[in-house]
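Numbering (UniProt numbering), first residue to last: 1 to 260.
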Amino acid sequence: MPHSSQSEYSQGRTSNGLAYERRGKGLPLVLLHGWCLNAKMWAYAQEDLGADHEIITFDLAGFGRSSHLAGPYGFERHARDLAAAFNELELQRPVVAGFAFGAAIAVALGKSNPTQITAVIAVGLPSAQASPYAKMPRAMRRDWPGFARKSAEALFYNTQSEATLGWIERMFGDASLCVAVETVRLLEHYEPAEAVKGLELPTLLIHGDQDQVAPVATGQACAQAIPGSKLAVVENCGHLIVIDNKNAFHDVVRSFLSTL
Numbered sequence: 001m002p003h004s005s006q007s008e009y010s011q012g013r014t015s016n017g018l019a020y021e022r023r024g025k026g027l028p029l030v031l032l033h034g035w036c037l038n039a040k041m042w043a044y045a046q047e048d049l050g051a052d053h054e055i056i057t058f059d060l061a062g063f064g065r066s067s068h069l070a071g072p073y074g075f076e077r078h079a080r081d082l083a084a085a086f087n088e089l090e091l092q093r094p095v096v097a098g099f100a101f102g103a104a105i106a107v108a109l110g111k112s113n114p115t116q117i118t119a120v121i122a123v124g125l126p127s128a129q130a131s132p133y134a135k136m137p138r139a140m141r142r143d144w145p146g147f148a149r150k151s152a153e154a155l156f157y158n159t160q161s162e163a164t165l166g167w168i169e170r171m172f173g174d175a176s177l178c179v180a181v182e183t184v185r186l187l188e189h190y191e192p193a194e195a196v197k198g199l200e201l202p203t204l205l206i207h208g209d210q211d212q213v214a215p216v217a218t219g220q221a222c223a224q225a226i227p228g229s230k231l232a233v234v235e236n237c238g239h240l241i242v243i244d245n246k247n248a249f250h251d252v253v254r255s256f257l258s259t260l
């Protein structure tokens, strides 16, 4: 499998407005953040997995340092923008990993551009049946800072430091309310077991056993719909697996990458 041959660190913005960072050498691994978060959520994965892989993080359109482009902006539009960014950055068939909202984009990208990427890692794929996305805009409009705080707390099963909760809360709070309301609409009718049909790339699904936002049953249904896929259940872990049980997450990802 070809690897990217780039310097150990670079950052910038693509011509379509996506902010990115690249660090490390080896098999390229793209990391896509969750709804109302940004690339900073991958700090631990960047440091750990970056020891033997090239890690590329993006702020999705409308979040973090990336531009918010005129809509409509569905998962397929995000996938097209990322595909163009991969070409511009000369990424050679990376593995694409996404968390929640980012996982839905990774799935869309794997279906629309299967020759451009090597594999998909879907972490905590969202489900409209499991979470009340349709009710969220009202709560968001009533008290956006309060919603940000409650959302940060709901992402974890294990006790986190006040600093960590504040860190995640600030990511939520830094997102535009307009963008948050617009993008949560994409999740209101998202059924992952249907969305993954037609995905034929090597796929790893990861769910926390205590995840109430995207329960293990969601991953099980998706695994049945993707031929040859693997499902990893991380024990004692909530929704934000990449932080709530980061060491187990890194081990699962590294094990999967070693098989490619």
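C-beta: ideal position from N, C-alpha, C; glycine also. These figures come from a predicted structure and were not determined experimentally.
Can the beta-carbon of residue 121 be found less than 8 angstroms from the beta-carbon of residue 204?
Less than 8 angstroms separates the beta-carbon of residue 121 from that of residue 204.
Indicate the three-state DSSP secondary structure (helix, strand or coil) for residue 164 in the structure shown.
Here residue 164 carries a helix assignment [DSSP, helix/strand/coil].
Residue range of the beta strand (DSSP E) that includes residue 146:
Premise fails: residue 146 lies in the alpha helix (DSSP H), 144–154, not in any beta strand (DSSP E).
Is it buried or exposed for residue 52, if we count other Cβ within 10 angstroms and need 16 for buried?
With fewer than 16 other Cβ atoms within 10 Å, it is exposed.
Take the Cβ of residue 138 as the centre, count every other Cβ of all protein chains shown within 10 Å, and call the residue buried at 16 or more, exposed below.
Residue 138 comes out exposed.
How about residue 123 and residue 156: are their beta carbons less than 8 angstroms apart?
For residue 123 and residue 156, no; Cβs fall outside 8 angstroms.
Where does residue 239 land, buried or exposed, given buried means 16+ other C-beta within 10 angstroms?
Counting Cβ neighbours within 10 Å, residue 239 comes out buried, since at least 16 surround it.
Does residue 250 have its Cβ less than 8 angstroms from a Cβ in chain C?
The displayed structure is made up of one protein chain only, and chain C is not part of it.
For my contact list, residue 59 and residue 87 are in at a C-beta cut-off of 8 angstroms; report their separation, rounded to the angstrom.
About 18 angstroms separates the CB atoms of residue 59 and residue 87; that is not less than 8 angstroms, and the two are not in contact.
Pick out whichever of 179, 68, 149 has its Cα sitting closest to the Cα of residue 165.
Distances from the alpha-carbon of residue 165 to those of 179, 68, 149 put 149 closest.
Could you tell me the distance, in whole angstroms, from the CA atom of residue 186 to the CA atom of residue 102?
For residue 186 and residue 102, the distance between alpha carbons rounds to 12 angstroms.
Proximal residues to residue 9 (C-beta, below 6 angstroms), its chain only, five neighbours per side dropped
23.
Below 6 angstroms CB to CB, which residues in the same chain sit around residue 223 once its five sequence neighbours on both sides are set aside?
Counting only Cβ-Cβ distances below 6 angstroms, and skipping sequence neighbours, we find 205, 229, 231.
Within this structure, are the beta carbons of residue 119 and residue 201 separated by less than 8 angstroms?
Contact flag set, yes.
In angstroms with no decimal places, state the Cα-to-Cα distance between residue 2 and residue 162.
Any reading at residue 2 needs caution, since the residue's pLDDT is 36, under 50, leaving its predicted position unreliable; the model's value is listed next. One C-alpha to the other measures close to 42 angstroms.
Check whether the Cβ atoms of residue 57 and residue 31 lie closer than 8 angstroms to each other.
Their beta carbons are under 8 angstroms apart, which means residue 57 touches residue 31 by this criterion.
Going by CA-CA distance only, name the one from 191, 236, 115 that's closest to residue 75.
Of the candidates 191, 236, 115, 191 places its Cα closest to the Cα of residue 75.
Would you identify the three-state DSSP class for residue 61, choosing helix, strand or coil?
Coil.
Identify, in the order they occur along the chain, each residue of the same chain with its Cβ nearer than 7 angstroms to the Cβ of residue 196, setting aside the five sequence neighbours on each side.
107, 222, 225, 226.
Alpha carbon to alpha carbon, how far is residue 199 from residue 132? Give it in angstroms, no decimals.
Approximately 26 angstroms, taken between the alpha carbons.
Beta-carbon gap between residue 233 and residue 216 smaller than 8 angstroms:
Result yes, Cβ atoms of residue 233 and residue 216 sit closer than 8 angstroms.
Pull up the distance between the alpha-carbon of residue 66 and that of residue 16, whole angstroms please.
So the two alpha carbons sit approximately 9 angstroms from each other.
Alpha carbons only, please: which of 112, 26, 125, 97 is nearest the one belonging to residue 83?
Measuring from the Cα of residue 83, the nearest candidate turns out to be 112.
Residue 181 versus residue 36 - alpha carbon distance:
If I take the Cα positions, the gap works out to 10 angstroms.
Go ahead and pull the three-state DSSP assignment for residue 213.
The three-state reading of DSSP puts residue 213 in coil, since its state is none of H, G, I, E or B.
Measure the C-alpha to C-alpha separation of residue 168 and residue 55 and round it to an integer number of angstroms.
Our two residues, residue 168 and residue 55, have alpha carbons roughly 21 angstroms apart in a direct line.
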